[in-house]
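For reference, the structure is listed below as structure tokens.
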Amino acid sequence: MALLSLEGEKDQAGGKKLSIVVGPWGGNGGNYWDDGSYSGVREITLAYDRCIDSIRMVYDKNGKPVAAEQHGGVGGTRTAEIKLQYPEEFLTSVSGHYCPVVYGGSPVI
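Be aware that the sequence shown starts at 1, since it is given in UniProt numbering, and climbs by one per residue.
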């Protein structure tokens, strides 16, 4: 299960930064995780085979990269690295689907 929290733009009225929290998501298994609050996402690394096995983020905090823990399993023979040209490039959405990876198995998100 995952929770994502990012610092938002400054509030026009008070000049304070707003936080956006979305989630949690997840299936029947696994563990809840929250990497904390950051100003942006610089990089996402996915380990996968037939499904995503783990995810690791590199966030931005006050102009410096902060590597988070890897979340998920230890499998996945392939990796995909998504490097954003932060702050010019940023995430606007994330989408996907879930289904059993093996016939009769539990759905994987």
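The C-beta atom is built at its ideal place from N, Cα and C for all residues, glycine as well.
Just so you know, these numbers come straight off a predicted model, no measurement behind them.
Beta bridge counterpart(s) of residue i as assigned by DSSP
i: R56; result: T45
i: G72; result: S54
Within 8 Å, strictly: CB atoms of residue i and residue j
i: R56; j: Y86; result: no
i: G76; j: D49; result: yes
i: G29; j: S106; result: yes
i: D60; j: Y38; result: yes
i: P65; j: V74; result: no
i: S95; j: Q70; result: no
Start-to-end residues for the beta strand (DSSP E) that takes in residue i
i: A67; result: K64 to A67
i: R78; result: R78 to K83
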